[in-house]
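See below for the structure under consideration.
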Amino acid sequence: MFSENLKKCRKQKKLTQQNMADKLGITRPAYTAYELGSREPDYKTLINISNILDVSLDYLLKGESNEKVFQDEAKKVLNDPETFLAAKDGEVTDEILQAALEIITEQLKERRKSDK
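Just add 691 to wherever you are in the sequence shown, counting from 1, and you've got the working numbering.
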């Protein structure tokens, strides 16, 4: 799954394998081995890949979309904002707030349906 997601994300960013290797400070054959699944990056390299491709580690490793991650974080905000904000040093992104708004909107729609 990782190798497929890696290749897909790289292509979406219009980067070559050589571009990725250069950004990671490794050889192109070493990078290619990640995409082929014959080699796995260490933790530090995995984080660098995530940052370069601007995707979450969850997406790279499991295929979970960023939207799902944002929705999960938004649920945390709605359920216990103080704990969440303390853990995130008060950093709530626009994406998390948007996901929270969408969750609230959906819950209100469901409540209105059940009230009828």
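Heads up, the beta-carbon is just placed ideally off N, CA and C, and yes, glycines get one too. Computed from a prediction, not measured in an experiment: that's the story for all the values here.
Give the range of the alpha helix (DSSP H) segment to which M711 is assigned. Q708 to L715
Per-residue DSSP class, three states only, for R730: coil
Length of the line joining the Cα atoms of G754 and F693: 8 Å
Grouping DSSP H, G and I as helix and E and B as strand, with all else coil, what is S694? helix
Between which two residues does the alpha helix (DSSP H) carrying K753 extend? K753 -> alpha helix (DSSP H) spans L748 to K753.
Just how far apart, CA to CA, sit K714 and Q708? So the alpha carbons of these two residues sit roughly 10 Å apart.
Just to confirm my understanding: we take R730, look at its own chain, exclude 5 residues before and 5 after, and list those with CB closer than 8 Å. What are they? A721 and A724
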